[in-house]
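Numbering (the numbering used here), first residue to last: 659 to 1247. Beta carbons are placed, not taken as given, at the ideal position from N, Cα and C, and that holds for glycine. Quick caveat, the model's predicted, so the values are computed rather than measured.
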């Protein structure tokens, strides 16, 4: 059989590699799936269902050959908040809606747009999520009891402080055993899943020596069912859709960022290239189907994807195998998993939080003390002390505002001034003492983007340009990379005011995008096609033909034989004017 597409060149050896990597990743995914579900406020088996169903679908339908999908730590704060505020049933609806949004994003080919989300925003909320996850596991690690669950971080930390007197030494010992086992395994047996080893050893110790003295999955959530998940269609109504649209959008945004970031990491490790739009489609399908079987939202898991690659994965079959392995474990060993202590799950999630905290990048951006530092800090603080939805919205809005401010500061509109070396000594002295320039021609050099953020600068330039009603206004636009409709509107105002008193606007060096927009809006026709030139020198030569010579003869600034009426007081004789003009304006003419 000849394989094509993502399975081109696939053979028996490739299948063997996929089976091995899939089994290893599947074993790693089991404790993580349960831990993420518990931390999100739902039963552990829902995390298992998500790992199975979403993991298989993402591998088959996604845009990366090596992507491993399932529940991730990034979702914990938002899912926990949804469960607390809306309930588990509404979490399923929000997850389904997020899947629809992801599918639409993929079909509309918006995969590349995710890269435009500012890095300070993503690092800010990722670090905030890590702090929230870590803080949320302190109670289980210490074995505290009687705590009330709250949506916000501060209230949960307050509960921990209040209930420190319920500290359980057996839970602490269990958690420390799991933590030490994970560290030792990672140090001396890097290819062995440390989380699974830590879970097995600490659970064994708790069962043998601490029976009934530590909280377990069964005592807290009930026994884990080994039955397959049942198909269930959530009660989807218009009121619930409008009610849950904000958390659904945040879940979709998080899912898209995490999955595409994971795919980029996979590309870097393998030298391949993923299809971002297909990846979003795969994520969308997975998140639409998983809630129908009780699963929580899923996305690409960076750590598991990297593990998949390191263990020799060749194709998406490894991801399918990973899901099947988790399914077999659920069916065969679910009753035993019920005895896992919550204190054993805590260090696993704490270690996940530590690895996802982006601490080095976080500190680096803070140290440079720029506007990005402000965006990072505010996004982080809001993620921890408010909620992820607010943090993302405010972070993106602040990043956009600061970007617009920086862009507007990059725009300069300057009037061309004479080069003293380009004029004779007598006229130069007259110019300096009287600050004269030609009243008939004004040349302005525009550098930077003309867009809504630079409106105030354009308005100032308009007022200056028409103050003396020059006959010719030449706009040098060779360094204007783009114009939006607001910039076009401001230019239109300038052109109309100049034309209202009989003046003429000439444009030189305009680039493709600005020219195309001016043609679409009609400003190109208003100025006149004959008034657009590639080079400023040609434009000025043309401008000389529009001068009012009688006005030149009556000019009180300079004698007519000394004044060719060139812009910005460039004074010379008619014969030598082109050479001196180029020298005065510089090499860009």
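- In the three-state scheme derived from DSSP, where H, G and I count as helix and E and B as strand, residue 1103 is classed as strand.
- In the DSSP assignment, the residues bridged to residue 1134 are 1103 and 1166.
- For the pair residue 680 and residue 691, the CB atoms are not nearer than the 8 Å cut-off.
- Put simply, of 1073, 1200 and 1047 the residue whose alpha carbon is nearest the alpha carbon of residue 787 is 1047.
- For residue 827 and residue 802, the gap between their C-alpha atoms comes out near 10 Å.
- Its Cα nearest to that of residue 856, the residue 841 stands out among 725, 849, 841 and 1103.
- Within the same chain, Cβ atoms closer than 6 Å to the Cβ of residue 1038 are found at 782, 785 and 786, the five residues on either side in sequence being excluded.
- For residue 805, the three-state secondary structure derived from DSSP is coil.
- In chain order, 801, 826, 828, 829, 832, 864, 999 and 1001 place their CB closer than 7 Å to the CB of residue 872, counting only its own chain and leaving out the 5 sequence neighbours on each side.
- For residue 1024, the closest of 748, 1036 and 1014 by C-alpha to C-alpha distance is 1036.
- Collapsing the DSSP output to three states places residue 730 in coil.
- Going by beta carbons, residue 954 and residue 920 fall outside the 8 Å limit.
- Counting the other Cβ atoms within 10 Å of the Cβ of residue 822 gives fewer than 16, which makes it exposed.
- Pairing residue 1183 with residue 1115, the inter-Cα distance amounts to about 24 Å.
- The C-beta of residue 707 has 16 or more other C-beta atoms within 10 Å across all chains shown, which makes the residue buried.
- Positions of the alpha helix (DSSP H) runs, each at least 4 residues long and wholly inside the region 1003-1051, are given as 1017-1026 and 1029-1043 in order along the chain.
- In chain order, 1029 place their CB closer than 6 Å to the CB of residue 1060, counting only its own chain and leaving out the 5 sequence neighbours on each side.
- Inclusion of residue 938 and residue 769 in the CB contact set at 8 Å is warranted, their separation being smaller than that value.
- Between the alpha carbons of residue 989 and residue 868 lies a gap of roughly 27 Å.
- In the structure shown, residue 1071 adopts extended strand secondary structure according to DSSP, grouped into three states.
- Secondary structure at residue 793: helix, using DSSP grouped into helix, strand and coil.
- By DSSP's assignment, residue 699 forms no beta bridge with any residue.
- Residue 817: member of the alpha helix (DSSP H) spanning 811-820, first to last residue.
- In the three-state reduction of the DSSP assignment, residue 958 falls in the strand class.
- At a cut-off of 3 residues, not a single continuous stretch assigned as beta strand (DSSP E) sits fully inside the region 892-974.
- Relative to the Cα of residue 889, the nearest Cα in the group 866, 924, 930 and 949 belongs to 949.
- The beta carbons of residue 676 and residue 979 sit closer together than 8 Å.
- Excluding sequence positions up to five before and after residue 943, its CB lies within less than 8 Å of the CB of 715, 719, 757 and 761, all in the same chain and listed in chain order.
- Per DSSP, reduced to three states, the secondary structure at residue 855 is helical.
- Judged by beta-carbon spacing, residue 916 lies within the 8 Å limit of residue 730, meaning their Cβ atoms are closer than that value.
- Shown here for residue 1015: same chain residues with a beta carbon closer than 7 Å to its own, the five before and five after excluded, namely 785 and 788 in chain order.
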